[in-house]
Amino acid sequence: MAAKLAKPSAERSSIMRAVKSRNTRPEKVVRSFLHARGCRFRLCDTGLPGKPDIVLRARRSVVFVHGCFWHGHDCKRGARVPKTNRAYWSEKIARNVARDALNIVSLKKLGWRVAIVWECQTQDAVTLDRVLKIVIARQRP
Ligand SMILES: [Zn+2]
């Protein structure tokens, strides 16, 4: 039988919350990147599934800037699970991944184009260009 998952310490929880906070450096990088390419967007909550980080209404496109750890990216950073309470974090991240997938499906059904930028992809412009191409290229209606 599986052992009951221990809750992380208060200290660890607050570190993780800080990691998750909005308006992070990767988000800012993506915003200035889009802005420099003539994309106009809003940041506030629009009631869309998953609360996308950036909403380009005129292009009917949204961008999620995902932290590699929180959203389970298949990269070095994403694989780094805290040493204590591994099971707890793994389960939490698995839930995030499942929720992300559902949100993307819902958004697409509503006619939105969805781009995902991983935190580790915000380091270089070539990668950002490739990832955001579908948003930047989309013609305004
Ligand atoms: Zn990553």
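Residue numbers for the sequence shown follow the numbering used here, beginning at 318 and rising by one.
Where a beta carbon is used, it is the ideal one built from N, C-alpha and C, also for glycine.
Whole-Å CB distance - residue i paired with residue j, under 8 Å assumed
| i | j | result |
| --- | --- | --- |
| residue 433 | residue 383 | 6 Å |
| residue 445 | residue 350 | 5 Å |
Proximity test, Cβ basis, 8 Å: residue i and chain C
| i | result |
| --- | --- |
| residue 434 | This model lacks chain C altogether, as it is built from one protein chain only. |
Straight-line gap, residue i to residue j (C-alpha atoms, nearest Å)
| i | j | result |
| --- | --- | --- |
| residue 344 | residue 370 | 8 Å |
| residue 372 | residue 402 | 35 Å |
| residue 414 | residue 353 | 30 Å |
| residue 425 | residue 381 | 13 Å |
| residue 319 | residue 379 | Note that residue 319 has pLDDT 46, beneath the 50 cutoff, so the model's placement of it is unreliable and the number below is only indicative. Roughly 39 Å between the two C-alpha positions. |
| residue 407 | residue 356 | 36 Å |
| residue 395 | residue 436 | 10 Å |
| residue 439 | residue 347 | 7 Å |
| residue 431 | residue 449 | 9 Å |
For this session: Would you be able to state if there are at least three C-beta pairs under 8 Å between the region 408 to 418 and the region 352 to 364?
Result: No contact exists between the region 352 to 364 and the region 408 to 418.
For this session: Kindly provide the ranges of any beta strand (DSSP E) runs that are 3 or more residues long and lie completely inside the region 353 to 418, ordered along the chain.
Result: If we require 3 residues or more, the beta strand (DSSP E) runs fully inside the region 353 to 418 come out as 371 to 373 and 378 to 383.
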